[in-house]
Every structure is written in structure tokens, then in C-alpha cells.
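Going by my numbering, the first residue of the sequence shown is number 28, and it counts up by one from there. We put the CB at the ideal spot given by N, CA and C, even for glycine.
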Amino acid sequence: MSDLREDVRAGFAAAYGREAEGVWSAPGRVNLIGEHTDYNEGFVLPFAIDRRTAVALALRDDGVLRVASAIADAPVEIPVAELAPERVSDWSAYPLGVAWALGRFGADLAAVPGADLYIDSDVPLGAGLSSSAAIESSVALALNDVWRLDLDRPALARVGRLAENEAVGAPTGIMDQSASLLGRRDAAVFLDCRSLESRVVGLGFAERGLEVLVIDTGVKHAHATGGYRDRREACERGAAALGVPALRDLTVDDLDRARSVLDEVTFRRVRHVVTEDQRVLDTVRALEDEGPEAIGELLDASHRSMRDDFEISVPELDLAVETAQASGAIGARMTGGGFGGAAIALVPADARSRVQVAVEGAFAEHGFAVPEIFAVVPSDGAVRDA
Ligand code: ADP
Ligand code: MG
Numbered sequence: 028m029s030d031l032r033e034d035v036r037a038g039f040a041a042a043y044g045r046e047a048e049g050v051w052s053a054p055g056r057v058n059l060i061g062e063h064t065d066y067n068e069g070f071v072l073p074f075a076i077d078r079r080t081a082v083a084l085a086l087r088d089d090g091v092l093r094v095a096s097a098i099a100d101a102p103v104e105i106p107v108a109e110l111a112p113e114r115v116s117d118w119s120a121y122p123l124g125v126a127w128a129l130g131r132f133g134a135d136l137a138a139v140p141g142a143d144l145y146i147d148s149d150v151p152l153g154a155g156l157s158s159s160a161a162i163e164s165s166v167a168l169a170l171n172d173v174w175r176l177d178l179d180r181p182a183l184a185r186v187g188r189l190a191e192n193e194a195v196g197a198p199t200g201i202m203d204q205s206a207s208l209l210g211r212r213d214a215a216v217f218l219d220c221r222s223l224e225s226r227v228v229g230l231g232f233a234e235r236g237l238e239v240l241v242i243d244t245g246v247k248h249a250h251a252t253g254g255y256r257d258r259r260e261a262c263e264r265g266a267a268a269l270g271v272p273a274l275r276d277l278t279v280d281d282l283d284r285a286r287s288v289l290d291e292v293t294f295r296r297v298r299h300v301v302t303e304d305q306r307v308l309d310t311v312r313a314l315e316d317e318g319p320e321a322i323g324e325l326l327d328a329s330h331r332s333m334r335d336d337f338e339i340s341v342p343e344l345d346l347a348v349e350t351a352q353a354s355g356a357i358g359a360r361m362t363g364g365g366f367g368g369a370a371i372a373l374v375p376a377d378a379r380s381r382v383q384v385a386v387e388g389a390f391a392e393h394g395f396a397v398p399e400i401f402a403v404v405p406s407d408g409a410v411r412d413a
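Below you can see the structure in the form of C-alpha cells.
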């Protein structure tokens, strides 16, 4: 972290020829359990990770906002008062979209001072660790401070979502921003996607010597978008046929009735969501009552449900999960939207290299591309660093 803080200050000085007044940072996230439950108004349990996006900032007195990033060439600038979703594009839609969205949450964009922002990150982009929420949350926290808006963190999460939905144009939920803003060291964020109420749940991984390995298969499925839309529609169809506003309103006791009402495929889609909601609740209870070793079977069951009922896994993800389970993981599952991307495995620290070697060996044997495997540590959410 200290390196990133120094890098972002140096980047700011090089880009703008003066010193930054402050540095803020926010992490990426991993979803421990609760997949495709968010848009069904159900439960998710993500945690913030030890990869962060930092923003260095200094105010300007001319009402102009400039944003620059280590991954971009030149700063992008716009008067704060002229911010609008259709006036921002490309990567700068994330930070400038956040500034615009703050206006919807009470900032007087005609009166607030301008600012220079420089952004640097060690969250890999587009790898499913939510670099998007990290950039949104760091900028939201920074501008909330220097514009003295006094918005609380749940409100800042909604600001990030509004920016991503309206300025970037991605129809995402609020899980990622919530994890990035509300995360705590060695804890997860239990989020009710209907009420948006959240609660921090201790993981206890550190005390028990457990680690979370991310196994990035590198697979990017060409039909991911179509598959996602198809699954959403199946969920909406199922809820409508069963007479509930969202699948959140069903429990496992309703599944017998669902089976008699729905066609076979829609039934399996519904069963995934309903049982996954229950697994999130069971995971929270297991963490609180029994400790982290007790969640392994729930992670495994989540994967089977996504593989067999929701049908969003791919052979690489199945192999990663099965090999991790067979070589010492307490539990493993694919994470994220599916059709590619990453799996996670909960492993005792002393089994980490055994799992890694086994997964790499299995991938080579099957002729799959070399996966990227690294540990993530549940970490604190967004903070002012300096
Ligand atoms: P993910 O959230 O899984 O990393 P997304 O596609 O949602 O993937 O978000 C990645 C996009 O967010 C990048 O393509 C870029 O536009 C923007 N972004 C994220 N981090 C940065 C950064 N440090 N600097 C500039 N843009 C960033
Ligand atoms: Mg994202």
C-alpha cells in the first residue's frame, strides 16, 4: 500500500507539476458467496481485498475538474458545472461520472471547487476483481471529503452505482461498491440487495491460518453478455409465473410448487437462486457460530448449483474447483458472472502451494491455458491515506 501511495503522489506531481493535497484509496473485491442473487433482490457476501486504487487530489479555484490515470495518456478536463452523463466517455466516465452523480446526491455542482485528480491502481483491470468499484469508491470518498458533502458510505456506494449505470452505461448492481466502501479487515460485507442494508461479518481466516486463492482461468466467453441476459430473463419469468415480485420472495419450501408450475429449465434457474440465497444466510450463520472451516461445503454446493442448475460454468472453472477441492482446499467455487473468469478456493496456508501446483498441473494436462493464481486477503474498505 505504501508503494501505491508514493506512486500516486509521484504520478500526480508529474502530471500536474504541483503537489497533491491528499490521497484516498479503495479496494477491489471478491464475492465469497451469493452469485446471480443481486438482481433477484437477494443476498451477497463479498469482501474487500488487498488490491487498491488510489487517487491523489488537489483543489483548483477555477471550477475545472481534471482527471488523469497511470493507465491513460493525458488528463481529461471538464468544468464541474458542465458535467453530464453524455459529456463523459471512456475510462474517465468512471471518475467524472462519480463527480456528476454526487450532484444527484446533493453536491451543488455550480458552486463546488474544481480539482485535479490522479489515479493509480494495483487492482487488475477487467479481471473480475472490480477495479471499476475501486476507482468509483476512491473518487467518491475523495470528493465527498474535499467538497464537504458529509454523505455516508452506503450513500457513496449508490453514487458509484449511479455513475456506472448512467455515465459508463453498465447495468450493474451495488455489491461491488458496498464491498469497497464498507469492507473490514478479515471480514465480509453481508448485503441485502433489496433493502440495501448491510452488516460486517467476521471471517476469522487470519486466526485459523486460512487463505483465499483466486484462480483466474483467463477464459473470456464470447457469449457472456447474452448468457447473462438470458439468465436474468429466466429469473424474471420464474418470479412472474410464481406470482412474486422477485425470486428473493421464495424459500426452499416453495421449490416443490415451483417444479410443478415451471418448465424444467426455468425451474433449475429458479432453484439456483433460491438455494443460493439460503447458502448465503447459512454461510453467515456458520461463520458466526462455527468458524470458517464450516463454510467449505456451502462453497462447494454453490459451485455445483451454478454448474448444474444455472449452467454458467465452463470446463476450466470446473477443473479449477475440482482440483482445488481434491488437493486440500476447504471449499471452492467459481465466482462472478460465469462463462469464464475466476474461481476461488479457501485453503489452509500450508496447502497453498500444493493446491497451486495441482491446479497448474491439471490445466496443463487438459491443454488449458496457464491460469493465474494468487492469494487475496480480506481487507479494509476505502480510506483517506494521507
Ligand atoms: P472490473 O471491474 O472487473 O475490473 P470493468 O470492466 O467493470 O472490470 O471495469 C474496468 C474499467 O474501469 C477499465 O476498463 C477502465 O475504464 C476503468 N478503470 C478501472 N481502474 C482504472 C484506473 N486505475 N485508471 C483508469 N481507468 C480505470
Ligand atoms: Mg466492474
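Just checking residue i against the ligand MG - is the residue's beta carbon closer than 6 angstroms to any of the ligand's heavy atoms?
i, result
"S340", "no"
Just grab the DSSP bridge partners of residue i for me.
i, result
"Y145", "A83 and A95"
"V239", "L373 and V403"
"T362", "A369"
"N58", "P73"
"A214", "G229"
"A104", "What sits at residue 104 in the sequence shown is Glu, not Ala. According to DSSP, which records beta bridges pairwise, E104 is partnered with R93."
Taking only the alpha-carbon atoms, compute the straight-line gap between residue i and residue j and give it to the nearest angstrom.
i, j, result
"P151", "E387", "20 angstroms"
"V348", "R286", "29 angstroms"
"L178", "D377", "43 angstroms"
"V35", "P198", "30 angstroms"
"D280", "E338", "22 angstroms"
"I76", "D243", "15 angstroms"
"S119", "L209", "24 angstroms"
"L136", "S164", "19 angstroms"
"L277", "D89", "54 angstroms"
"D213", "G229", "6 angstroms"
"S332", "D345", "12 angstroms"
"A372", "I357", "7 angstroms"
"E104", "R93", "4 angstroms"
"D309", "P122", "37 angstroms"
"A313", "H330", "18 angstroms"
"A182", "A391", "46 angstroms"
Regarding residue i and the ligand ADP, is the C-beta to nearest heavy atom distance less than 6 angstroms?
i, result
"S96", "yes"
"T350", "no"
"T80", "yes"
"S116", "no"
"G155", "yes"
"I242", "no"
"I105", "no"
"Y255", "no"
"S164", "no"
"L84", "no"
"I146", "yes"
"Y66", "no"
"L152", "yes"
"Y43", "no"
Quick one: using the 10 Å Cβ neighbour count with 16 as the cut-off for buried, is residue i buried or exposed?
i, result
"E260", "exposed"
"G265", "buried"
"P54", "buried"
"V107", "buried"
"I98", "exposed"
Measure from the C-beta of residue i to each C-beta in chain D and report whether the shortest distance is under 7 angstroms.
i, result
"D213", "You won't find chain D in this structure, because it holds only one protein chain."
| Can you list, in chain order, every residue whose CB sits closer than 5 angstroms to a heavy atom of the ligand MG? | S157 and S159
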